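Single-structure report; data block below.
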Amino acid sequence: MEAAVRQYFEACNKVDRDLFARVLSEQVVHYLAHGMAGPVHGIDPIVERWGADVRANSSYWAVDAVYADEHTRAAVCEWTAFKPRLGKVLRGTEVYRFDDAGLIDEVRIYYASRRDDTEPANELEGFPYAERGFAT
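Sequential numbering of the sequence shown, starting at 1, is according to UniProt numbering.
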């Protein structure tokens, strides 16, 4: 699982569809933070999304740490995103869920940022919290 997460970031940095396809399920869903126009469904839309960011902002990502649990088929990654054209550095984590074939079928992104008290809920857009048993 750790290797798959690291390869996912390599795919993001290279905008390489073949690398994405080695680690992502065809049914992958990438949930994004509120206001980021998510979730993103499927490999090609993910390639397009991160490819646009790389082209527009010279973005690239570094993996800082990966924590994986084979029993639950889940992993968490701490990362740093560099956006040179914007003069920004972002930090965050992602939660990955893996399918029976060992492919990533879900990505949930969380940014290390201040909470937004103007929003009634600081959560991922479109994520089925109640259906998954999260407190609501």
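Where is the CB? At the ideal position from N, CA and C, for every residue including glycine.
Computed from a predicted structure; not experimentally measured.
Give me, in chain order, the residues of the same chain whose beta-carbon lies closer than 8 angstroms to that of residue i; leave out the 5 immediate sequence neighbours on both sides.
i: Ala21; result: Ile43
i: Thr80; result: Trp61, Ala62, Asp64, Val89, Leu90 and Arg91
i: Ala33; result: Ile109, Tyr110, Tyr111, Leu124 and Glu125
Grab me the residues of residue i's own chain with a C-beta within less than 6 angstroms of its C-beta, minus the 5 sequence neighbours each way, in chain order.
i: Tyr129; result: Thr136
i: Trp50; result: Cys12
i: Arg73; result: Phe98
Looking at the secondary structure, which residues open and close the alpha helix (DSSP H) in which residue i lies?
i: residue 138; result: There is no way to answer for residue 138, as the model of the chain reaches only from 1 to 136.
i: Glu48; result: Ile43 to Asn57
i: Asp18; result: Arg17 to Val23
Hey, residue i and residue j are a contact pair by Cβ (cut 8 angstroms); roughly how many whole angstroms apart?
i: Arg114; j: Leu124; result: Not a contact, Cβ separation roughly 17 angstroms.
i: Val66; j: Val95; result: So it is not a contact: roughly 11 angstroms between Cβ atoms.
So what does residue i bridge to, in DSSP terms?
i: Glu78; result: Ala65 and Thr93
i: Arg108; result: Tyr31 and Val95
Where do the ends of the beta strand (DSSP E) carrying residue i lie?
i: Asp117; result: Segment: none, Asp117 is in no beta strand (DSSP E) and carries neither H nor E.
Which residues in the same chain as residue i place their Cβ atom closer than 7 angstroms to its Cβ, once the five residues preceding and following it in sequence are excluded?
i: Asp53; result: Ser59
i: Val27; result: According to the sequence displayed, residue 27 carries Gln and not Val. These residues qualify, in order along the chain: Asp105.
Query raised in the report: Per the contact definition of three or more C-beta pairs closer than 8 angstroms, is the segment 32 to 42 in contact with the segment 12 to 21?
Result: no
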